[in-house]
Amino acid sequence: MAELNEKTQKETAKAPAEKHEKKKNKKPNIFKRIAKFFRECKSEMKKVTWLSGKETFKSSVIVIVVTVVLCAAIGLIDTGLEYGVVGLRDLVVHLGWNFAG
């Protein structure tokens with residue numbers, strides 16, 4: 000038990016000293032960090048496998064075609080639902096149903 004108390008006392012005595020030491024460690028100059036960032040970016044860009052021009056064109060065409068098809072489908076669904084709601088409203092008005100309180 001006494002050993003445990005001694006250990007905790009030693010740890011608490013070391014803690015403020017360690018915090019003070021951490022504040023002394025400074026980061027490198029901002030310009031050095033920026034330069035390092037761009038060097039690392041350049042290094043990573045060399046590792047990228049780029050598509051050929053034909054592959055890029057083919058992929059772009061596929062994306063454009065799928066986008067147009069989906070826009071048309073969503074537009075048709077929206078128009079159909081709109082006509083359905085308007086038709087129901089006209090039916091309710093024609094039958095003279097009154098749902099207002």
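Under numbering that gives the first Met the number 0, think of the first position of the sequence shown as 0, with each following residue one higher. Backbone N, C-alpha and C fix where the C-beta goes; we use that ideal spot for every residue, glycine too.
Reduced DSSP category for residue i - H, G, I as helix; E, B as strand; rest coil
| i | result |
| --- | --- |
| Gly95 | coil |
| Thr48 | coil |
| Lys41 | helix |
| Lys35 | helix |
| Lys57 | helix |
Integer-rounded CB distance, given that residue j should sit under 8 Å from residue i
| i | j | result |
| --- | --- | --- |
| Arg26 | Arg32 | For the sequence presented, residue 26 should be read as Lys rather than Arg. Contact flag correct, Cβ pair sits at about 7 Å. |
Cβ neighbours of residue i in the same chain (closer than 8 Å, five flanking residues each side left out)
| i | result |
| --- | --- |
| Gly79 | none |
Rounded separation between residue i and residue j - CA only
| i | j | result |
| --- | --- | --- |
| Glu39 | Trp49 | 18 Å |
| Arg88 | Val65 | 35 Å |
| Lys45 | Lys35 | 16 Å |
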